[in-house]
Amino acid sequence: MKKVLLLLAICFAFGVTNAQDQKEPQSIGSTILEKIKSEKLSIGGYGEVHYNQQISGNERYNGKMDVHRMVLFFGYQFNEKTSFVTEIEYEHVKELYVEQAFLNYNIKPNTSIRGGLMLVPMGIINEYHEPTTFNGVERPSVDKYIVPTTWREIGVGITGRLANAPLKYQLYVMNGFNGFDGSGKLRGSDGLRKGRQKGAESTFTSPSVSAKVDYYGIKGLNLGLSGYFGKTQSSEFNGLDKDDDFAEAVADSTRVGISMLGLDLRYKLDAFQVKGQYIHSYINDVKEYNDKTGKDLGKQMRGYYLEAGYDLLHGKEQSLVPFVRYENYNTHHKVDGITANKAYDREDWFVGLSYHLAKGAVVKVDYQRFKDGNDVKKNFINCGVGVWF
């Protein structure tokens, strides 16, 4: 955390301009909404094709080639205030999902109400995950195991920006993680990831609150502060007798409370670019949950990364960005009633290159070095192509 705060201070020291020079950060949904203001129907998409090869030690490993995802998005403008945004995603060719599907209503120029299936505004990648917007073939590990990307739920809320200050805000009431559907879904190896409901016949027990504030008042700098608060959902509450205290207590043991806090930054100074993110989750009642489900969910999860890159072709139509990223993430940062598994305390080093052939088309390659708390080490070569249009 100290490294992240130091990097923030350095970025502030470099920035010397006023709020009028800045642009509001645009997520996928916001980008589509801007486009359909001039076109009644808008169509676009993004996709990634990957090659991953482990090269550790004296053993030989097969590589894996995968059309990791292909996403088509559509927007429709009903009138000057009302619009609809949706994304349809194919993963690994065979898995079909709806990534977003929300109705947007502008109650005034800088303020909108949204309802439907929406991305939870936590960290960077969960909202900005098109392959041309981040370095590295795969999305950061912190955003897989701690956030977890791509995280979306059904809800309603308000989003907008302040007229006289460089601040963007989002506030949603949403459905939460599903922690129990006859068996426990949350565990130490990948934290909350298996609890994402993705809007597919989602179980609803109680609402959660998600909020984010973005500051973009210094040239080249975007800062984000995120929060998520709520309890997991559980099938045990369906048909429960309200007067049965014992049954209520049993059902409560299948739920945990989650408080997740995030801090992120993106900074560009000419050809130089840097990103950083810190996410910390506090989880209540994990001992009762683990006893009931036989899982090994941690009491606290924490992860962060720092990344720096430099565009060797700055100022030209194409860009060539060598980068380095360090990640540290632990889904057993703290535990209750169980022994922390050192294998869940992990770190990654990435060194790579992103070659943007044109706006919306990128070729990537990186070398990944992984190590966990048991000193297990693995090395990978990752290659990929990505598009966004």
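Read in order, the letters of the sequence shown correspond to residues -19 to -1, 1 to 370 in mature numbering (1 follows the signal peptide of the UniProt record, and there is no 0). Yeah, the Cβ is synthetic: ideal placement off N, Cα and C, and Gly gets one too. Note that this is a predicted model, so its numbers are computed, not measured.
Three or more pairs of CB atoms, one per stretch, sit closer than 8 Å, so the region 237 to 248 contacts the region 101 to 116. Per DSSP, threonine 114 lies in no beta strand (DSSP E) and is assigned neither H nor E. Looking at the DSSP output, glutamate 40 sits in no beta bridge, so it has no partner there. Nearest in C-alpha terms to tryptophan 330, of all of Tyr71, Ala289 and Gly367, is Ala289.
The beta carbon of valine 344 is closer than 7 Å to those of Tyr336, Leu338 and Val366 in its chain, skipping five residues each way along the sequence.
At a Cβ-Cβ threshold of 8 Å, arginine 247 and histidine 261 do not count as neighbours.
The beta carbon of glutamate 111 is closer than 8 Å to those of Ile9, Tyr27, Gly367 and Trp369 in its chain, skipping five residues each way along the sequence. Residue state for aspartate 124 is assigned as helix, using DSSP reduced to three classes. Between the alpha carbons of histidine 31 and histidine 313 lies a gap of roughly 30 Å. Per DSSP, tryptophan 132 has no beta-bridge partner at all.
The criterion of a C-beta distance shorter than 8 Å is satisfied by glycine 211 and proline 188. Within the model, the alpha-carbon separation for valine 101 versus leucine 287 is close to 22 Å. Annotation for glycine 172: Tyr126, Ile127, Pro129, Ser262, Leu278, Gly279, Met282 and Thr312 place their beta carbon closer than 8 Å to its own, counting only its chain and skipping 5 residues before and after. With a contact defined as Cβ atoms closer than 8 Å, serine 37 and lysine 359 qualify at about 5 Å. Assigned with DSSP and collapsed to three states, glutamate 298 falls in coil, not helix or strand. Comparing alpha-carbon positions, the option among Thr140, Ala232 and Glu134 lying closest to tyrosine 150 turns out to be Thr140. Phenylalanine 59 has its alpha-carbon roughly 49 Å from the corresponding atom of arginine 350. About 13 Å separates the beta carbons of threonine 235 and lysine 268, which is beyond the 8 Å limit, so they are not a contact pair. With 16 or more other CB atoms across the displayed protein chains lying within 10 angstroms of its CB, alanine 232 is buried.
Annotated as distal: arginine 95 and valine 154, with beta-carbon spacing of 8 Å or more. In chain order, Leu152 and Gly208 place their CB closer than 6 Å to the CB of alanine 192, counting only its own chain and leaving out the 5 sequence neighbours on each side. With respect to alanine 324, glycine 354 sits close: the two C-beta atoms are nearer than 8 Å. In the DSSP annotation of this structure, the continuous segment of the alpha helix (DSSP H) that includes alanine 228 starts and ends at 226 to 233. Under the three-state reduction of DSSP, lysine 166 is assigned to coil, being neither helix nor strand. Inclusion of glycine 180 and valine 316 in the CB contact set at 8 Å is not warranted, their separation being larger than that value.
Linking valine 48 to alanine 228 through their CA atoms gives a straight-line distance of about 46 Å.
If you look at asparagine 265, you'll find it in the beta strand (DSSP E) that goes 253 to 265. Listed in chain order, the non-local C-beta contacts of isoleucine 88 below 7 Å within the same chain comprise Ile94, local neighbours out to five positions each way being set aside. In the structure shown, serine 216 adopts helical secondary structure according to DSSP, grouped into three states. Residue state for lysine 268 is assigned as helix, using DSSP reduced to three classes. For histidine 337, the uninterrupted beta strand (DSSP E) run begins and ends at 326 to 339, by DSSP. Nearest neighbour of serine 183 by Cα position, chosen from Gln299, Arg142, Arg133 and Leu167, turns out to be Arg133.
Of the candidates Val118, Ser164 and Val66, the residue whose Cα lies closest to the Cα of methionine 99 is Val66.
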